[in-house]
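In the working numbering, the protein residues as written are 44 to 263. Note that CB positions come from ideal geometry on N, CA and C, so glycine has one too. Source: prediction; values computed, not measured. Down below is the structure, laid out as structure tokens.
Right, here's the structure in full:
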């Protein structure tokens, strides 16, 4: 992990799920907890539930509705908000993410959370992990009506917070989102080596990846 050119970075944009928080909570919910309740509601086997859900997931992946609890509640006829509460004990901070956040804030950088998470998901996580004090703003892509994968998200973000993309660092665990940020002109991009603590390292393509947040503080 090469040290960051902190002298050339004014704004730090951070994703939440898989970047600051362990993605295990979300993966467990969507891949285990929700399919089980879907199977029970429809009186089908767990395997059949997964077969029915998979094309729905694939069709909506990367679009704003994929991240919208209201959409999935209506689509599946399930109380998704309430179901997410049932597994909320799994919400966890990634190691030393808070150390990194504190150091970046103390260094005088603008620190802004940009997440595709629905506002209800964001609120649920903020109730359990004290992230809000580190950030100037907590922005959900639902505020703009475009997911971070969409170039229009970045136009809306620019209009909202007036940042210099070339002098910004963005960390996210989703490669299409990082590519979208790069196309917009964000100068410093990092992926996440292990978003889900239960799944091991992932391929981060053309991007350098954060393994240990303490490494990023060097030179700050």
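Counting pairs of beta carbons, one from the region 159–168 and one from the region 125–141, are three or more of them closer than 8 Å?
yes
Can you tell me which of the three DSSP states residue 92 falls into?
For the purposes of this step, residue 92 is taken as residue 49 along the chain shown, with counting starting at 1. The answer is helix: DSSP assigns residue 92 an H, G or I state.
Quick one: any contact between the region 106–114 and the region 148–162, if contact means 3 or more CB pairs under 8 Å?
yes
Close beta carbons around residue 254, own chain, < 6 Å, minus the five adjacent residues each side:
By 1-based counting over the chain shown, the position of residue 254 is 211. Hits under 6 Å: 236.
Please tell me whether residue 184 and residue 175 are closer than 8 Å, where the distance is taken between their beta carbons.
The sequence position of residue 184 within the chain shown is 141, counting from 1. The sequence position of residue 175 within the chain shown is 132, counting from 1. No, the Cβ-Cβ distance between residue 184 and residue 175 is not below 8 Å.
Quick one: does the C-beta of residue 117 sit closer than 7 Å to a heavy atom of the ligand GDP?
The ligand content of the structure shown is nil, which means the ligand GDP is not present either.
Taking the CB atoms as reference points, tell me whether residue 157 and residue 134 lie closer together than 8 Å.
On the chain shown, residue 157 is found 114 positions in, with the first residue counted as 1. On the chain shown, residue 134 is found 91 positions in, with the first residue counted as 1. No, Cβ-Cβ distance for residue 157 and residue 134 is not below 8 Å.
I want to know whether the region 198–210 touches the region 116–126 - three or more CB-CB distances under 8 Å.
Segment contact: the region 198–210 against the region 116–126, fewer than three CB-CB distances shorter than 8 Å; contact not assigned.
Can you tell me the Cβ-Cβ gap for residue 211 and residue 230, rounded? I've got them flagged as a contact below 8 Å.
To locate residue 211, count along the chain shown from 1; it is residue 168. To locate residue 230, count along the chain shown from 1; it is residue 187. Indeed they touch by this definition, with Cβ atoms about 6 Å apart.
Looking at the secondary structure, which residues open and close the beta strand (DSSP E) in which residue 55 lies?
Reading the chain shown from its first residue, position 12 is the one you call residue 55. 54–57 is the span of the beta strand (DSSP E), which, as asked, contains residue 55.
In chain order, which continuous runs of the beta strand (DSSP E) of length 3 or greater are located wholly inside the region 216–257?
231–235
Under DSSP, the beta strand (DSSP E) around residue 213 begins and ends at which residues?
Reading the chain shown from its first residue, position 170 is the one you call residue 213. Per DSSP, residue 213 belongs to the beta strand (DSSP E) from 211–214.
Could you tell me the distance, in whole angstroms, from the CA atom of residue 85 to the CA atom of residue 72?
Numbered from 1 along the chain shown, position 42 holds the residue referred to as residue 85. Numbered from 1 along the chain shown, position 29 holds the residue referred to as residue 72. When the Cα atoms are used, residue 85 and residue 72 turn out to be separated by approximately 18 Å.
How would you label residue 223, buried or exposed, when you count the other beta carbons within 10 angstroms and need 16 or more for buried?
As a position in the chain shown, residue 223 is number 180, starting the count at 1. The residue is buried, with at least 16 neighbouring Cβ atoms inside 10 Å.
Which residues mark the beginning and the end of the beta strand (DSSP E) in which residue 267 is found?
Because the chain spans 44 through 263 in this model, residue 267 falls outside it and cannot be assessed.
Using the DSSP secondary-structure output, state which residues sit across from residue 182 in a beta bridge.
Residue mapping note: residue 182 aligns to position 139 of the chain shown, counting from 1. DSSP lists 157 as partners of residue 182.
Cβ-Cβ distance between residue 63 and residue 57 below 8 Å
Within the chain shown, numbered from 1, the residue matching residue 63 stands at position 20. Within the chain shown, numbered from 1, the residue matching residue 57 stands at position 14. In contact: residue 63 and residue 57 (Cβ atoms closer than 8 Å).
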